[in-house]
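This report refers to the structure that appears directly beneath it.
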Amino acid sequence: MTSATTINTVNQSDANILDTFRNGEEERALNEFVRTHQRFVYSVAYRYLQQKENAQDASQEVFLRAIKAIRGFKGESTLQTWLYRITMNVCNSMVRKGKGRFFVPVGEGESEMNIPWQGASPLQDVVNADFNSIFQSILLTLPAKQRETFCLRYFDELSYEEISEMVNTSVGALKANYHWAVKKIAVALKETQYYEKWQIQERENER
49 MTSATTINTV NQSDANILDT FRNGEEERAL NEFVRTHQRF VYSVAYRYLQ QKENAQDASQ
109 EVFLRAIKAI RGFKGESTLQ TWLYRITMNV CNSMVRKGKG RFFVPVGEGE SEMNIPWQGA
169 SPLQDVVNAD FNSIFQSILL TLPAKQRETF CLRYFDELSY EEISEMVNTS VGALKANYHW
229 AVKKIAVALK ETQYYEKWQI QERENER
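My numbering puts the sequence shown at residues 49 to 255.
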């Protein structure tokens, strides 16, 4: 049975997976573990490695490492935070080996949002592609900490508290990073046709 201390740190979904694993239903638990977290891991890996093949390879390596180590997981963080750290280690290793480069794509990862609207016609698809290209180039101009905070908050829809645990940065500093990232994006988009729609989308995300 999961301890009270662990439950305070691990969310209920994680607790269910861990309890199933510890109760001897390892295959079922691991399948649920991968199913629950694979989009997040792939999304983070893709942002850093750019290429789908490299992101897929990284995701596989992340889960291989995690499955081997899950018996020793003590619940001192959420599984998502734990996986984020493993993912960053794997991606850093791949970058050092020349198998990727730090990059923040828009609209390519399976869990990425279509920003800020979805196309309803071939013409709209062209508009979206143009926006994605502009937005991607803006993200690449942001300092690394601002960019990562923005992506984890905007694309992965994590709370500041969750991000704080992942990147070991105070909530106050993360809010400042996000604020400055949004401000710089807004300034860059102000002279384009997408500024008004970006403002609407950002207000909706912060509700």
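In this text, a Cβ means the ideal position worked out from N, Cα and C, and glycines have one as well.
Mind reading off the beta-carbon distance from residue i to residue j? Whole number of angstroms is fine, and I expect it under 8 Å.
i       : j       : result
Leu-97  : Met-136 : Incorrect: roughly 11 Å between the Cβ atoms, too far for contact.
Leu-190 : Lys-231 : Actually they do not touch by this definition, with Cβ atoms about 11 Å apart.
Tyr-208 : Val-219 : 5 Å
Ser-84  : Ser-61  : Note that residue 84 is Thr in the sequence shown, not Ser. Indeed, because the Cβ distance is near 6 Å, the residues count as touching under 8 Å.
Phe-81  : Asp-204 : Not a contact, Cβ separation roughly 18 Å.
Going straight from the alpha carbon of residue i to that of residue j, what length do you get?
i       : j       : result
Tyr-90  : Gln-184 : 18 Å
Asn-71  : Ile-65  : 10 Å
Ile-118 : Asn-140 : 21 Å
Lys-122 : Gln-104 : 27 Å
Ala-297 : Ile-186 : There is simply no residue 297 to check, as the chain begins at 49 and stops at 255 in what is shown.
Phe-198 : Ser-125 : 21 Å
Val-92  : Lys-245 : 26 Å
Lys-238 : Lys-100 : 31 Å
Tyr-243 : Ile-182 : 12 Å
Pro-164 : Gln-128 : Confidence in Pro-164 is poor, its pLDDT being 37 and thus under 50, which makes the residue's placement unreliable; the coordinate value appears in the next sentence. Cα to Cα, the separation comes out at about 26 Å.
Ala-114 : Gly-120 : 10 Å
Ala-234 : Phe-69  : 46 Å
Thr-217 : Arg-144 : 24 Å
Leu-131 : Glu-196 : 16 Å
Glu-74  : His-227 : 43 Å
Gln-241 : Leu-206 : 29 Å
Ile-134 : Asp-178 : 34 Å
What residue range is occupied by the uninterrupted alpha helix (DSSP H) comprising residue i?
i       : result
Phe-69  : 60-70
Asn-79  : 74-97
Gln-31  : Residue 31 cannot be examined here, being either before or after the span of the chain that is shown, 49 to 255.
Glu-101 : 100-117
Leu-188 : Here Leu-188 belongs to no alpha helix (DSSP H), and DSSP marks it neither H nor E.
Thr-129 : 127-144
Asn-225 : 219-237
Ser-293 : This structure cannot settle anything about residue 293, because the visible part of the chain is limited to 49 through 255.
On the CB-based measure, 16 or more other CB atoms within 10 Å of its CB, does residue i come out buried or exposed?
i       : result
Leu-112 : exposed
Asn-102 : buried
Glu-225 : Here the sequence assigns Asn to residue 225, which means Glu is not the residue at that position. It counts as buried.
Gln-194 : buried
To which residues of the same chain is residue i closer than 8 Å at the C-beta, ignoring the five residues directly before and after it?
i       : result
Glu-109 : Val-138
Once you ignore the five residues that flank residue i on each side, which residues in its own chain have a CB closer than 7 Å to its CB?
i       : result
Ile-211 : Thr-197, Leu-200, Arg-201, Leu-222
Ala-77  : Ile-65, Thr-68, Phe-69
Gln-86  : Ser-107
Please return the same chain residues whose Cβ sits closer than 6 Å to the Cβ of residue i, not counting the five positions on each side in sequence.
i       : result
Ala-229 : Leu-190, Gln-194, Phe-198
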